[in-house]
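In numbering that gives the first Met the number 0, the protein residues as written are 0 to 35. All C-beta atoms, glycine included, are put in the ideal place defined by N, C-alpha and C. It should be emphasised that the depicted structure is a prediction, and the values quoted were computed from it without experimental measurement.
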Amino acid sequence: MLNVEMLSTGDEVLHGQIVDTNAAWLADFFLIRVYR
Numbered sequence: 000m001l002n003v004e005m006l007s008t009g010d011e012v013l014h015g016q017i018v019d020t021n022a023a024w025l026a027d028f029f030l031i032r033v034y035r
């Protein structure tokens with residue numbers, strides 16, 4: 000099984016003040032394809 004890791008930086012993202020839309024899209028993309 001392929002492992003996928005993502006790294007998000009920036010205080011706004013890390014504190015949950017905004018959503019990193021690229022990371023959210025990638026997470027959905029890989030979740031649908033059953034990567035972990």
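Going by Cα to Cα distance, which pick from F28, I31 and A22 is closest to G9? Residue numbering aside, residue 9 sits at position 10 when the sequence shown is read from its first letter. When each option's Cα is compared against that of G9, the closest is A22.
Taking the alpha helix (DSSP H) that L30 belongs to, which residues open and close that run? Locating residue 30 in the sequence shown gives position 31, counting from the first residue. First-last of the alpha helix (DSSP H) with L30: T20 to I31.
Output the distance between the C-alpha atoms of N2 and R32, rounded to the nearest integer angstrom. The count along the sequence shown starts at 1 and reaches residue 2 at position 3. The count along the sequence shown starts at 1 and reaches residue 32 at position 33. Roughly 12 Å between the two C-alpha positions.
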